[in-house]
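Note that the numbering used here has the sequence shown beginning at 52, numbered continuously upward.
Virtual Cβ for every residue (Gly too), placed ideally from N, Cα, C.
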Amino acid sequence: MKTYRIAAIPGDGIGKEVVPAGKRVLEAIGALSGDFTFEFEDFAWGGDYYRRHGVMMPADGLNEIRNKDAILFGSAGDPHIPDHITLWGLRLKICQGFDQYANVRPTRILPGIDGPLKRCAPKDLDWVIVRENSEGEYAGVGGRAHQGHPIEVATDVSMMTRAGVERILRFAFRIAQSRPRKLLTVITKSNAQRHAMVMWDEIALEVSKEFPDVTWDKELVDAATARMVNRPATLDTLVATNLHADILSDLAAALAGSLGIAPTANLDPERRYPSMFEPIHGSAFDIMGKGLANPIGTFWSVVMMLEHLGEMSAARTLMNAIESVTADPALHTADLGGKASTVQVTEAVCAFVAQAPAVVTKAV
Ligand code: IPM
Ligand code: MG
52 MKTYRIAAIP GDGIGKEVVP AGKRVLEAIG ALSGDFTFEF EDFAWGGDYY RRHGVMMPAD
112 GLNEIRNKDA ILFGSAGDPH IPDHITLWGL RLKICQGFDQ YANVRPTRIL PGIDGPLKRC
172 APKDLDWVIV RENSEGEYAG VGGRAHQGHP IEVATDVSMM TRAGVERILR FAFRIAQSRP
232 RKLLTVITKS NAQRHAMVMW DEIALEVSKE FPDVTWDKEL VDAATARMVN RPATLDTLVA
292 TNLHADILSD LAAALAGSLG IAPTANLDPE RRYPSMFEPI HGSAFDIMGK GLANPIGTFW
352 SVVMMLEHLG EMSAARTLMN AIESVTADPA LHTADLGGKA STVQVTEAVC AFVAQAPAVV
412 TKAV
């Protein structure tokens, strides 16, 4: 029997509710398969840890999780700690420390979910957003001087390396190639940002030659928002910079019905380090501790974890269970206009998993 070693980092807010739900679902999948099981180690890093120790995670924390097969992450954010501290002290420390340079964000309108677009059938919105996850606007380059004086100055420098752009574009072309439509939209802002974004466009053209079977086009990020709303079916795989894709993926999640459903994978495609899987929603302190959080974003992230581990059949079983649950409005949480609790949705997904025909490991 194979054992996958998972680091569970609930973090803050509703992360403490959805990560235990995610573990429960992984256990249900493991029990069904009989071929593999999960061994969890919990790391209580985040806002509470910061209050006790002055840091979000221990200085050598990465070493504690370096040898895990994957990381299940909840959220980082605390109303009493500045957001840039919670972000840089935990989530970005892991993403950048483990060079998880490819952030993958699939978006679909799941069965039973009502998206806000009037003229969009569920089949018209089936996207994967690939977000550059290691540099660009999140490179952390910049500084402040003359603080508190009238001449105060602050810079955030977006830094793009040829190696970083090449690897994310190559990854995005590969994702596009693996999907039925083989369609990629490269998003930049090369009219206004005339250096790094022009380099993106040039590298996109170079890398595209390695993928003659992928159809691709370019779109400026502002025009991309309008296209997502007005012509969603013309998009399939999208690739964009760290910040552009951050913004586009919130729009995508909202168009698909709720931020509570949207999943993320922070991948090290070269598998030198563990990859990290997390729901897109934040810590949502307004609803924390009430059992109202939608765990579907975490479950879909768990599907992506199973795919990354090579457990394709288990991933499909779990995705089917998720879609059976979203199809039933009685199992919708408050973000979807329903009354179901986190626990009810979790138990319903586990029940569907338990009913599924036995998972055949690695069957494709
Ligand atoms: C996301 C989030 C984060 C980001 C926040 C929490 C800093 O919005 O994962 O999309 O901007 O990267
Ligand atoms: Mg975001």
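**Item:** Contact check, D268 vs T239, beta carbons under 8 Å
**Value:** Working through the sequence shown from its first residue, we reach residue 268 at position 217. Working through the sequence shown from its first residue, we reach residue 239 at position 188. Going by C-beta atoms, D268 is not nearer than 8 Å to T239.
Once DSSP output is grouped into helix, strand and coil, what is the label at V400? Translated into positions along the sequence shown, residue 400 becomes position 349. In this structure, V400 counts as helix in the three-state DSSP scheme.
* To do: Can you grab the Cα-Cα spacing for the pair I116 / V69, in whole Å?
  => Within the sequence shown, the letter at position 65 stands for residue 116. Within the sequence shown, the letter at position 18 stands for residue 69. The alpha-carbon atoms of I116 and V69 are separated by roughly 20 Å.
Original post:
Per DSSP, R117 forms a beta bridge with which residues?
Top reply: Reading the sequence shown from its first residue, position 66 is the one you call residue 117. The partner list for R117 (beta bridge, DSSP) is empty, contrary to what the question assumes.
| Is D252 helix, strand or coil when you go by DSSP? | Counting from 1 along the sequence shown, the entry for residue 252 is found at position 201. In this structure, D252 counts as helix in the three-state DSSP scheme.
Evaluate D252 with the Cβ neighbour count: other Cβ atoms within 10 Å of its Cβ, from every protein chain shown; 16 or more gives buried, anything less gives exposed. By 1-based counting over the sequence shown, the position of residue 252 is 201. Flag for D252 reads exposed.
Note to self: With a threshold of 7 Å (Cβ to nearest heavy atom), would D297 be considered close to the ligand MG?
What the structure shows: What you label residue 297 is simply residue 246 of the sequence shown in a count that begins at 1. D297 Cβ: within cutoff of the ligand MG.
| field | Cβ separation of G348 and P314, assumed to be a contact under 8 Å, to the nearest whole Å | value | Numbered from 1 along the sequence shown, position 297 holds the residue referred to as residue 348. Numbered from 1 along the sequence shown, position 263 holds the residue referred to as residue 314. 6 Å between Cβ atoms; contact.
| said: Which same chain residues end up closer than 8 Å to L271 when comparing Cβ atoms and leaving out the 5 residues on each side of it in sequence? | reply: The count along the sequence shown starts at 1 and reaches residue 271 at position 220. Result list for L271: I238, T239, K240, S241, N242, in chain order.
Margin query: Just to confirm the assignment, what range does the alpha helix (DSSP H) spanning R103 have?
Written below: For the purposes of this step, residue 103 is taken as residue 52 along the sequence shown, with counting starting at 1. Here the alpha helix (DSSP H) through R103 covers 98-104.
Our contact map puts D86 next to K53 with C-beta atoms below 8 Å; I'd like the distance itself, whole angstroms only.
Against the sequence shown, residue 86 aligns to sequence position 35. Against the sequence shown, residue 53 aligns to sequence position 2. Confirmed, Cβ separation roughly 7 Å.
Self-check item: Cutoff 7 Å; reference A284; Cβ partners in own chain excluding five residues on either side
Solution: In the sequence shown, residue 284 corresponds to position 233, counting from 1. Answer for A284: D175, listed in chain order.
Between N184 and the rest of its own chain, which residues show a CB-CB distance below 7 Å, the 5 nearest in sequence each way excluded? Here residue 184 refers to the residue found at position 133 of the sequence shown. These residues qualify, in order along the chain: C146, Q151, Y152, A153, N154, N293, N317.
Selected residue, minimal CA-CA separation from Y101, among G166, G140, F124, L220:
Here residue 101 corresponds to residue number 50 of the sequence shown, with the count starting at 1. Nearest C-alpha to Y101: G140.
query: Got a sec, what are the start and stop residues for the beta strand (DSSP E) P346 sits in?
result: Residue numbering aside, residue 346 sits at position 295 when the sequence shown is read from its first letter. Careful: P346 lies outside any beta strand (DSSP E) and carries neither H nor E.
Going by beta-carbon coordinates alone, are D134 and G128 separated by less than 8 Å? What you label residue 134 is simply residue 83 of the sequence shown in a count that begins at 1. What you label residue 128 is simply residue 77 of the sequence shown in a count that begins at 1. Contact: yes.
Report task. Look at the alpha carbon of E358 and the alpha carbon of H295, and state the distance between them as a whole number of angstroms. Result -> Indexing the sequence shown from 1 puts residue 358 at position 307. Indexing the sequence shown from 1 puts residue 295 at position 244. Approximately 26 Å between the Cα atoms of the pair.
Coil, strand or helix - S326 by DSSP
The residue labelled residue 326 in the question sits at position 275 within the sequence shown. Residue state, collapsed to three classes: strand.
(request) Classify D63 as buried or exposed, calling it buried when 16 or more other Cβ atoms lie within 10 Å of its own Cβ. (result) Taking the sequence shown and counting its residues from 1, the one referred to as residue 63 is at position 12. Looking at its Cβ environment, which holds 16 or more other Cβ atoms inside 10 Å, D63 is buried.
*asked:* Does the distance between the C-beta of D63 and the nearest non-hydrogen atom of the ligand MG fall short of 7 Å?
replied: Position 12 of the sequence shown, counting from 1, holds the residue named residue 63. No.
For V216, which residues in the same chain have their Cβ closer than 6 Å to its Cβ, ignoring the five residues on either side in sequence? In the sequence shown, counting from the first residue as 1, residue 216 sits at position 165. Same-chain partners within the cutoff: W251, I254.
Cβ shell of G73 (< 6 Å), same chain only, five flanking positions each side left out = As a position in the sequence shown, residue 73 is number 22, starting the count at 1. Here the set comprises L123, T349, V353.
Handout entry: Proximity test, Cβ basis, 8 Å: P201 and chain D
Key = Judged by its chain identifiers, the structure shown contains no chain D, having just a single protein chain.
For D93, the first and last residue of its enclosing beta strand (DSSP E)
One-based indexing of the sequence shown puts residue 93 at position 42. Start and end: 87-93.
* Asked: Since G333 sits in a beta bridge, which residues does DSSP pair it with?
  -> Locating residue 333 in the sequence shown gives position 282, counting from the first residue. None, per the DSSP bridge assignment.
Original post:
Can you tell me the Cα-Cα spacing of R103 and K144, whole angstroms?
Top reply: For the purposes of this step, residue 103 is taken as residue 52 along the sequence shown, with counting starting at 1. For the purposes of this step, residue 144 is taken as residue 93 along the sequence shown, with counting starting at 1. Near 19 Å, if we compare the C-alpha coordinates of K144 and R103.
For the ligand MG, is there a heavy atom less than 7 Å away from the beta-carbon of S241?
Indexing the sequence shown from 1 puts residue 241 at position 190. Flag unset: Cβ of S241 not near the ligand MG.
Exercise for review: Mark V404 as exposed unless 16 or more other C-beta atoms lie within 10 angstroms of its C-beta, in which case mark it buried.
Suggested key: For the purposes of this step, residue 404 is taken as the residue at position 353 of the sequence shown. Result: buried.
### Message
Excluding the 5 residues flanking R218 on each side, which residues of the same chain have their C-beta closer than 7 Å to its C-beta?
### Response
Stepping through the sequence shown from its first residue, residue 218 is reached at position 167. For R218, where only same-chain residues beyond five positions count, the Cβ hits under 7 Å are Y152.
Practice item. Using 10 angstroms around the beta-carbon of I226, count the other beta-carbons present and answer buried if the total reaches 16, otherwise exposed. Key: The sequence position of residue 226 within the sequence shown is 175, counting from 1. The residue is buried, with at least 16 neighbouring Cβ atoms inside 10 Å.
- prompt: Taking 7 Å as the cut-off, is the CB of G333 close to at least one heavy atom of the ligand IPM?
  reply: Taking the first residue of the sequence shown as position 1, residue 333 is located at position 282. Yes, Cβ of G333 sits closer than 7 Å to a heavy atom of the ligand IPM.
*asked:* Taking a contact to mean a Cβ-Cβ separation below 8 Å, would you say A407 touches N371 in this structure?
replied: Taking the sequence shown and counting its residues from 1, one reaches residue 407 at position 356. Taking the sequence shown and counting its residues from 1, one reaches residue 371 at position 320. Their beta carbons are under 8 Å apart, which means A407 touches N371 by this criterion.
Residue nearest to P416 in terms of C-alpha spacing, selected from I132, A391, I202, I331: Any question about residue 416 goes unanswered here, given that the chain covers just 52 to 415.
Would you mind working out which of P167, Q244, T212, P201 sits nearest K307, comparing C-alpha positions? Position 256 of the sequence shown, counted from the first residue, corresponds to residue 307. It should be noted that the sequence gives Ala, not Lys, for residue 307. The shortest Cα separation from A307 among P167, Q244, T212, P201 belongs to P167.
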